[in-house]
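So the sequence shown is numbered by our numbering: it starts at 5 and just counts up by one.
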Amino acid sequence: MTEPQSNPQLRLLLVDDHTVVREGLKRLLDPQGNQWSITEAGTGFQALEFLRREPFDLVIADLSLPGMSGLDLIHRIKDGFPDVAVLVLTMHSEEQYAMRAFQAGASGYVTKDSACDELVSAVRKVASGGVFVTSVLAERVVQQLNGRRQASDLSALSNRELEIMQRIVAGERMVDIAEALHLSIKTVSTHKTRVLEKLQLDSTAALIRFGLEHKLDKTDLGTAPDLC
């Protein structure tokens with residue numbers, strides 16, 4: 005008598021530039037290790053290279069990545085590998101980020117401070133073709149879409165402008181931002197000027213104060229956060 009075959013493992017691609025974070029996430033997923041295999045990537049570019057070389061079922065991606073933003077990575081994944089599901093795992097709990105992620109093509113959104121409780125459920129839901137978002141964040145997103153919650157001023161910014169503003173608030177120099185994003189300093193300066201104009205701010209100090217008020221200092225560009 006032939007034994008029934010077990011379900012094939014899901015192939016997960018974990019994208020985060022912090023080794024400590026990736027190790028922590030693997031520990032959270034390890035008890036279900038017989039259900040999936042995990043490949044690690046430190047940048048969006050490396051993730052795309054893995055996707056070109058082998059098949060994956062799900063990408064778990066941070067929004068703050070060096071060289072290529074998580075939002076840009078989501079766009080590229082959905083353009084080049086439309087059958088691959090994307091789950092965002094980030095420090096950002098604001099609905100503005102979640103809305104942008106879903107608009108880019110993500111199917112799930114989990115914040116790192118809730119990963120201990122929700123990551124496994126989110127992986128299962130998104131990998132099976134569903135959508136996952138925490139109830140509190142989902143309520144805020146729906147309220148904003150329905151006009152019952154005022155849209156953040158950040159909604160006026162493009163994805164690139166938001167990323168550059170985030171890096172400025174995080175304390176990065178213009179030259180470092182240009183190098184990280186593969187842009188000229190002039191282009192970064194132009195984006196910064198547009199951010200100031202759109203937000204009606206008159207200085208870099210005012211921009212930083214605004215960013216801190218909107219929790220843009222919650223960034224993965226620096227020290228890796230504790231997951232649990």
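Heads up, the beta-carbon is just placed ideally off N, CA and C, and yes, glycines get one too.
- Contact between residue 85 and residue 16 is absent: CB atoms are separated by about 14 Å, not below the 8 Å threshold.
- In summary, residue 196 is buried, with 16 or more beta-carbon neighbours lying within 10 Å of its beta-carbon over all protein chains present.
- Residue state for residue 48 is assigned as helix, using DSSP reduced to three classes.
- When beta bridges are read from the DSSP output, residue 181 appears opposite no residue.
- By the neighbour-count criterion, in which 16 or more other beta carbons inside 10 Å mark a residue as buried, residue 204 falls on the exposed side.
- In the DSSP annotation of this structure, the continuous segment of the alpha helix (DSSP H) that includes residue 32 starts and ends at 23 to 33.
- Residue 144 counts as buried, since no fewer than 16 other beta carbons sit within 10 angstroms of its beta carbon.
- With fewer than 16 other beta carbons inside 10 angstroms of its own, residue 147 counts as exposed.
- The beta carbon of residue 136 sits closer than 6 Å to those of 112, 126, 129, 130, all from its chain and outside the five residues before and after it, given in chain order.
- Assignment of beta strand (DSSP E) within the segment 56 to 103, counting only whole runs of 3 or more residues, yields 62 to 65, 89 to 94 in chain order.
- Out of 192, 115, 174, the CA that lies nearest to the CA of residue 209 is found in 174.
- Considered as a whole, the segment 195 to 219 harbours 208 to 217 as its complete alpha helix (DSSP H) runs of no fewer than 4 residues, in chain order.
- A Cβ-Cβ contact shorter than 8 Å links residue 163 with residue 75.
- Secondary-structure assignment with DSSP links residue 42 through a beta bridge to 16.
- Buried is the label assigned to residue 116, since at least 16 other Cβ atoms lie within 10 Å of its Cβ.
- The three-state reading of DSSP puts residue 115 in strand, counting E and B together.
- The residues 188, 189, 191, 192, in chain order, have a CB closer than 8 Å to that of residue 182 in the same chain once the five nearest residues on each side in sequence are set aside.
- Straight-line measurement puts the Cα of residue 194 at about 11 Å from the Cα of residue 201.
- In the displayed model, residue 137 falls within a strand according to three-state DSSP.
- Around the beta carbon of residue 94, 16 or more other beta carbons lie within 10 angstroms, which makes this residue buried.
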